[in-house]
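Engineer:
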Amino acid sequence: NVQPEDQGDYSAKVTNVGGTLKTKKCKVTVTKSPEFVNKPTTQEVKQSETAVFEAKVDGYPIPKVIWLLNGKPLTPKDGAQVEMNAPTGDAKLTIPKVD
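Mapping of the sequence shown onto our numbering: position 19 corresponds to residue 1467, and the numbering continues sequentially without gaps.
Listed below in structure tokens is the structure:
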């Protein structure tokens, strides 16, 4: 089973008393489909309180998490605070002072 650490340039070399011959490099790129390790859960907060959603994702390369509200991407203009720790796959969405 191929793993991300198997990614790289491979080549072959043959040798005998008649000489040595080497192939050109062949690149192996490893990908893994994105998946949720932990999904965000439903939040119930009072108006003007803060809502925090957390998720953990896996994949290779590490997937980008896009938080949506009613199907539309949230941005800082919406008051959304997004954090992503790519090495761990931890994603966090904070909505301060929910309306």
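Note that the Cβ used here is the ideal one computed from N, Cα and C, for glycine as well.
1) Using a threshold of 9 angstroms, state whether the C-beta atoms of K1540 and E1502 are closer than that.
2) According to DSSP, is D1538 helix, strand or coil?
3) Could you pull out every residue in the same chain whose Cβ sits closer than 7 angstroms to the Cβ of A1499, ignoring the five residues on either side in sequence?
4) Taking the alpha-carbon of V1476 as reference, which of S1459, L1469, D1538 and T1468 has the nearest alpha-carbon?
5) At the level of alpha carbons, what is the spacing between A1421 and I1510?
Structural biologist: Working from what's here:
1) yes
2) strand
3) Q1491, V1493, I1543 and V1546
4) S1459
5) The first residue shown for the chain is 1449 and the last is 1547, placing residue 1421 beyond what the model contains.
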